[in-house]
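Per the numbering used here, the very first residue in the sequence shown carries number 67; after that it's consecutive.
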Amino acid sequence: METIHSIFDFKPTQETYVTIGTFDGVHIGHQKIIEKLVLEAKANHKKSLLLTFFPHPRMVLQQDATVKLINTIQERIDLLAKTGLDYLIIHPFSRDFSRLTALDFVRDILVNQLNISKLIIGYDHHFGKNREGNIEQLTEYSHLYDFNVEEIPAQDIDEIAVSSTKIRKALLNGELKTANNYLGYSFVLRGIVVNGKKLGSKIGFPTANINVEETYKLIPKTGVYVVQAFIDNKLIFGMMNIGSRPTVNGSSQTIEVHFFDFKEDLYNEYISVELLYFLREEQKFNSIEMLTNQLRQDEITSRNYLQNKV
């Protein structure tokens, strides 16, 4: 897959089959659309192309700092690279770009710039200035500019219409199993391992403190999770706490992972941690001893979960 960071840097040598959207999560509904796109493009000797945008339109148009996304842009690229797409275009979203009318978008972008042969989109797709464009307009313009349009109805994506919004809500509610089922993979947190308070080491549970640098990345519900990570190409299991560490009067949110049977120094390493199971809510204990006892129990429960899972 070739990744291109502007529509205007794309120089097509063949006609393209295109799909468009934010694709946050690259969930099983998205995967179905992309699979269809890739297969049809190959069958008709065309190139498959996915057009997405960054920053998220709400970040630009509403200056909404509360927008939280399932994937960072790099995570989205990594997930899309596994789909067999020929091209991924990540176009910078701006106020100027948002002012393109539906007709301008179809004529100037899809037809003249992307050399479109067919557009495959999910149900309820809107585009152009004030989201004025819809499937009816697309169909009308497709006759004018000689390309095909195919809309995939909700029931063909999934009986309960998987959406990024539902996944975000599930993650924030601690419904990790639901979120991971919708995603088709385990939700990931990635970041640099930074220095912490070293309390974990003192009580026998050393942790890697992860700093997720992208402020728009959704952080799931506070609590304890069973997790796994590939470190030096080796699969390591552990448990993660997301929270403010109320037992020791913590004031800010931290993400701390205790890896089982693992002693290596990870400071300044960049790691990806997959969340497998929501173990329990974060709690405030009356003493460090009570916290330590609970962590021992969490490890036993986690190991039992992993043993049964395998």
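Backbone N, C-alpha and C fix where the C-beta goes; we use that ideal spot for every residue, glycine too.
- For Val293, DSSP records a beta bridge to Gly304, Leu341.
- For the region 71 to 123, the full-length beta strand (DSSP E) segments reaching 3 residues or more read 82 to 86, 113 to 120 along the chain.
- About 18 Å separates the Cβ atoms of Ile100 and Leu176, ruling out a contact at the 8 Å cut-off.
- Ile285 is positioned such that its CB atom lies no closer than 7 Å to that of Ile136.
- The DSSP assignment places no complete run of the alpha helix (DSSP H) inside the region 339 to 374 (cut-off: 4 residues).
- Here the region 335 to 351 makes contact with the region 278 to 293; the two share three or more CB pairs at distances below 8 Å.
- Around the beta-carbon of Arg256, 16 or more other beta-carbon atoms lie within 10 Å, marking it buried.
- A straight-line Cα-Cα distance of about 12 Å links Leu117 and Phe171.
- Counting along the chain, Thr231 sits inside the alpha helix (DSSP H) bounded by residues 230 to 238.
- If you check the CB distance, Gly304 and Glu348 do not come in under 7 Å.
- Annotated three-state conformation of Pro158 is strand, per DSSP.
- Secondary structure at Val215: strand, using DSSP grouped into helix, strand and coil.
- Ile186 sits away from Leu105, with the two beta carbons spaced by 7 Å or more.
- In the DSSP annotation of this structure, the continuous segment of the beta strand (DSSP E) that includes Leu185 starts and ends at 182 to 188.
- Within the DSSP bridge table, the entry for Thr167 names no partner.
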